[in-house]
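**Student:** Quick one: this structure, given as structure tokens, is what I'll be asking you about.
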Amino acid sequence: MRKINLLVLLLAFSLPAAAYAADDQAWRQRISVAAPEVTNDDVTEEIRFGREVAARLIGRFGLYSSDPLTKYVNLVGQSLAAYSNRPELKYHFAVLNTSEINAYAAPGGYIFITKGAIDKMQDESEIAGVIAHEMGHINGKHVVKELDIKATDGSAVSGLARLIGGGTESARLAFSKAVDKAMDTLFTSGYKREDEIQADKGTVMFCAVAGYDPSGLTRYFERLSAAKGRSTEVLDRTHPAYNTRIILLKEAKTAAAIDSAALKTYKDRFTEVMKSVK
Amino acid sequence: MFLRAFSAGMAIVFILFLMSSVSTADEYHYNNMLIGDRATGMGGAYTGVSDDPSGLYYNPAGIVYTTGRNLSASVNAYYNTSKEYKNVIGGNGWERKATAVLPNFFGIVQPLGKYKFGFSYAVPDSIKEDQDQTFWGSFPTTLGSPATRYTINFNNEDNTYLIGPSIAGELANSLSAGLTLYLYHRSSQSILNQLIVLQDGRFEWTNQYIEKVERGYKPVLGFMWTPAEKLSIGLSLAKIIVYSASVMSQSILKDANAATPNDFTIVDTGSSMRKKYPYELRVGAGYFPSSSLLMSADGAYYTKVTDPVNGDRVSVLNLAVGTEYYLNRSWAVRGGLYSDMANTPKLDPTRTNQDEKIDLYGMSLGISNFSRNTSITLGGSLTMGSGKAQILSGSTEIQNVDQAGWMIFLSSSYAY
């Protein structure tokens, strides 16, 4: 054993001296697991997964029953969706019946804004900003990549592998667990910080292209920042600080050299719809 | 081994031909079954790689580098081994054959926060023997008359199971650590039936049944270090610790010199002596020159064991080298060479009842086909070696012995 102890000690002491800073050990990855092309089946699976997450969100809060508001949010959403870089998806928008201030995106094109969030808004460009942010998560495939959502392998090899190892049940279990994980991301752990930043930055150009004032989301954040409380608890827990986001949004707008004067907030339209809701 | 226990229990060596060193499993080697599909194809040179569920067995620190959200793998294998002792009885050889068909590994790895968790099941040793052999001729005995017939019927089943959870995480950018805590269970049942018919009409018959159960645990502590790009060094330390054991044997002897033909002796014995196992230190390196090529090498050192009850064991160093090459994204081939050295001391021609010593060398091959989330692997290994044995109880005679074994396996793995 003395020889073993000596070897362990030798290795332990040599670590700090010769450690390789291996942040990225992608060289371990074998060619067989290199990222494959996205197929139609993958998109179908993403939609199926998103539908499951959406169902759980609706089950948790319920839908806010107001046809005018639902129609209005859909019109704003579809005007943005026309400029989405994912034409393979059909986007769905709905309002959740909760005073909690938040918005959620489920993979496959399902976007929800809470009634509490809309109550804090003052014009249409703010709704557009929030929807654009959520679409950024979907278009960036943040959940899809994080949870590696893809179609079940239907090849003969896969069938034989399932026969040998009994994988069908495992796959079903994995799907269910992935949905749990997605819910955990939405309500507890949040997206990765870099994913949130990407979604925020993308909002500026997205809104501008659709004809909305890209400062809508900034104004909305400034208002929420002043009104922190229980209703923003989940939002605060799962997102970067408002100040950080506001600075990033302003920097993105400056970098894009967008003239806000030419773009609209559609405050009147927003006010008109909200009158019918309240 | 159990015949040694038998002899001690009966206090007398009744007949010349009792075999002294028929082990119920291959206790004289530590590398009886290669575990895991990829690892087996690479000759078990996997301590420095270990980046799939097989790593739970070889070096749990390696699972930190698994790709895919969830991974599982299972291996189903068929084993066949044979051993031929030369010139045992009247110039005749004695052959032992064993087979086993079993799922010898299942493992699953899943990330959870900063850590990766795993669960695995492995069968590192399994043997099933069912054989009968009769020698005819005129063989000298100590019973006052030569034997004209010697029949040996032998049935034996001996399995070792490991099952347990693992956890692994990064300690630093270049260093990860992992721990697998296996529950250890070994059970064996064997029946040895021997009949000697003497030329003068007398006969001697023995029947022995032995049942052994061992329970314990086997912690495997592993580290994976990345000293340079494309190079990883793995180290793992393991030991089987037995916390309960029972050996029950029943021996029935009809002595050739009994006063009446119906006289026979029954001896029941029991023991709870726990077997001692060595520390197992594995050091391995993996070199990843490209995404299509991987080369690895392992050294597994087993410490000396002093165990007067079950037999002393010498220290052993087993070596292995392996390689993996991807022909394209769908096909990969693997090959490996390995040693499986005997843990018994060199036989001394002046002593009796010594354990056999056979050093084994093997090669393995495997081919995998990958689809999107799954892979199937077909592979096998071939092991050969020769050495010395002292198969006859109470005799200083040493026999030459040849051992050969082969195994084929079919496995599947998933990433989902």
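The listed protein sequences correspond, in order, to chains A and B. In terms of the numbering used here, the first sequence is residues 1 to 278. In terms of the numbering used here, the second sequence is residues 1001 to 1416. No residue lacks a Cβ here, since even glycine has one placed at the ideal position from N, Cα and C. Computed from a prediction, not measured in an experiment: that's the story for all the values here.
Using a C-beta cutoff of 8 Å, does A/N247 count as contacting chain B?
**Tutor:** The sequence given here places Ile at residue 247 of chain A; Asn does not occur at that position. Judged by the 8 Å Cβ criterion, A/I247 is not in contact with chain B.
**Student:** Just checking: is the beta-carbon of B/R1282 within a distance shorter than 8 Å of some beta-carbon in chain A?
**Tutor:** No, because no Cβ of chain A sits closer than 8 Å to the Cβ of B/R1282.
**Student:** Can a CB atom of chain A be found closer than 8 Å to the CB of B/A1415?
**Tutor:** By this cut-off, B/A1415 is an interface position.
**Student:** In this structure, what does DSSP give as the bridge partners for B/G1366?
**Tutor:** Answer is B/R1334, B/G1379.
**Student:** Measuring alpha carbon to alpha carbon, tell me which residue in B/Y1058, B/G1041, B/T1040, B/D1037 is nearest B/S1236.
**Tutor:** Among B/Y1058, B/G1041, B/T1040, B/D1037, the Cα nearest to that of B/S1236 is on B/Y1058.
**Student:** Is DSSP giving B/P1165 helix, strand or coil here?
**Tutor:** Strand, per DSSP.
**Student:** Between B/A1320 and chain A, is the shortest Cβ-Cβ distance under 8 Å, so that the two count as touching?
**Tutor:** For B/A1320, the answer is no, since every Cβ of chain A falls outside 8 Å of its Cβ.
**Student:** Which residues, in order along the segment 1321-1343 of chain B, keep a beta-carbon less than 7 Å from a beta-carbon of chain A?
**Tutor:** Those would be Y1326, R1329, A1332, in chain order.
**Student:** Quick check: the segment 1294-1310 of chain B against the segment 1345-1360 of chain B, are there 3 or more CB pairs under 8 Å?
**Tutor:** Because the criterion of three Cβ pairs below 8 Å is not met, the segment 1294-1310 of chain B and the segment 1345-1360 of chain B do not touch.
**Student:** If you draw a straight line from the alpha carbon of A/Q198 to that of A/S65, how long is it in whole angstroms?
**Tutor:** About 32 Å.
**Student:** Pick from B/D1026, B/R1096, B/F1106, B/A1061: whose alpha carbon is nearest that of B/G1284?
**Tutor:** The candidate whose alpha carbon is nearest that of B/G1284 is B/A1061.
**Student:** Does the separation of the CB atoms of B/T1134 and B/V1197 fall below 8 Å?
**Tutor:** Not closer than 8 Å, so no.
**Student:** Measure the C-alpha to C-alpha separation of B/S1120 and B/P1165 and round it to an integer number of angstroms.
**Tutor:** So the alpha carbons of these two residues sit roughly 7 Å apart.
**Student:** Does DSSP classify B/I1035 as helix, strand or coil?
**Tutor:** Three-state result, B/I1035: coil.
**Student:** Can you tell which of B/K1276, B/W1225, B/I1252, B/N1207 has its C-alpha closest to the C-alpha of B/R1215?
**Tutor:** Nearest option by C-alpha distance: B/K1276.
**Student:** Which same chain residues, not among the five before or five after A/V179, have their C-beta less than 8 Å away from its C-beta?
**Tutor:** If we look at A/V179 and ignore the five residues flanking it on each side, its Cβ neighbours are F49, E52, V53, R56.
**Student:** Taking the beta strand (DSSP E) that A/L80 belongs to, which residues open and close that run?
**Tutor:** Segment 67-81 is the alpha helix (DSSP H) holding A/L80; no beta strand (DSSP E) there.
**Student:** Excluding the five sequence neighbours on either side, which residues of its own chain have a C-beta within less than 7 Å of the C-beta of A/K90, listed in chain order?
**Tutor:** Taken in chain order, the residues that qualify are G109.
**Student:** I'd like to know whether the C-beta atoms of B/I1367 and B/V1333 end up nearer to each other than 8 Å.
**Tutor:** Yes.
**Student:** Just the C-alpha distance for A/N102 and A/V277, rounded to the nearest angstrom, thanks.
**Tutor:** Between A/N102 and A/V277, the C-alpha separation is close to 19 Å.
**Student:** Tell whether a beta-carbon distance below 8 Å holds between B/V1321 and B/G1043.
**Tutor:** Going by C-beta atoms, B/V1321 is nearer than 8 Å to B/G1043.
**Student:** Since A/E46 and A/I149 are thought to touch, with beta carbons under 8 Å apart, how far apart are those beta carbons, to the nearest angstrom?
**Tutor:** Indeed, because the Cβ distance is near 6 Å, the residues count as touching under 8 Å.
**Student:** If you compare alpha carbons, which of A/Y212, A/V273, A/K201 is closest to A/T254?
**Tutor:** Of A/Y212, A/V273, A/K201, the residue nearest in Cα terms is A/K201.
**Student:** Going by DSSP, name the residue or residues bridged to A/M92.
**Tutor:** Checking the displayed sequence, the identity of residue 92 of chain A turns out to be His instead of Met. Paired residue(s): A/Y110.
**Student:** State buried or exposed for B/N1032, treating a residue as buried only when at least 16 other CB atoms are found within 10 Å of its CB.
**Tutor:** By the 10 Å Cβ count, B/N1032 comes out buried.
**Student:** Verify whether the separation of the beta carbon atoms of B/G1118 and B/I1127 is less than 8 Å.
**Tutor:** Not closer than 8 Å, so no.
**Student:** If contacts are defined as beta-carbon pairs under 8 Å, then B/A1073 and B/G1036 qualify, I think. What distance do you get, rounded to the angstrom?
**Tutor:** With 8 Å as the limit, B/A1073 and B/G1036 qualify as a contact, their Cβ atoms being about 7 Å apart.
**Student:** In three-state terms, what does DSSP make of A/I31?
**Tutor:** Here A/I31 sits in helix by DSSP.
**Student:** Distance check for B/G1270 and B/A1245, CA to CA, integer angstroms please.
**Tutor:** About 10 Å.
**Student:** By the 9 Å beta-carbon criterion, what residues does the segment 1220-1233 of chain B contribute toward chain A?
**Tutor:** So the close ones are F1223, W1225, T1226, P1227, A1228, E1229, K1230, L1231, S1232, I1233.
**Student:** What is the DSSP secondary structure of A/D41, counted as helix, strand or coil?
**Tutor:** Correct three-state label for A/D41: helix.
**Student:** Since A/L224 is in the alpha helix (DSSP H), which residue starts that stretch and which ends it?
**Tutor:** Residues 216-226.
**Student:** Considering just the uninterrupted stretch of the alpha helix (DSSP H) at B/T1047, what are its terminal residues?
**Tutor:** Per DSSP, B/T1047 belongs to no alpha helix (DSSP H) and is neither H nor E.
**Student:** Could you tell me whether the Cβ atoms of A/L279 and A/A182 are closer together than 8 Å?
**Tutor:** There is no way to answer for residue 279 of chain A, as the model of chain A reaches only from 1 to 278.
**Student:** Can you give the beta carbon distance from B/L1102 to B/A1077, rounded, assuming they're within the 8 Å contact cut?
**Tutor:** With a Cβ gap of about 6 Å, B/L1102 and B/A1077 count as contacting.
**Student:** In angstroms, rounded to a whole number, what distance separates the CA positions of B/H1029 and B/F1223?
**Tutor:** Near 25 Å, if we compare the C-alpha coordinates of B/F1223 and B/H1029.
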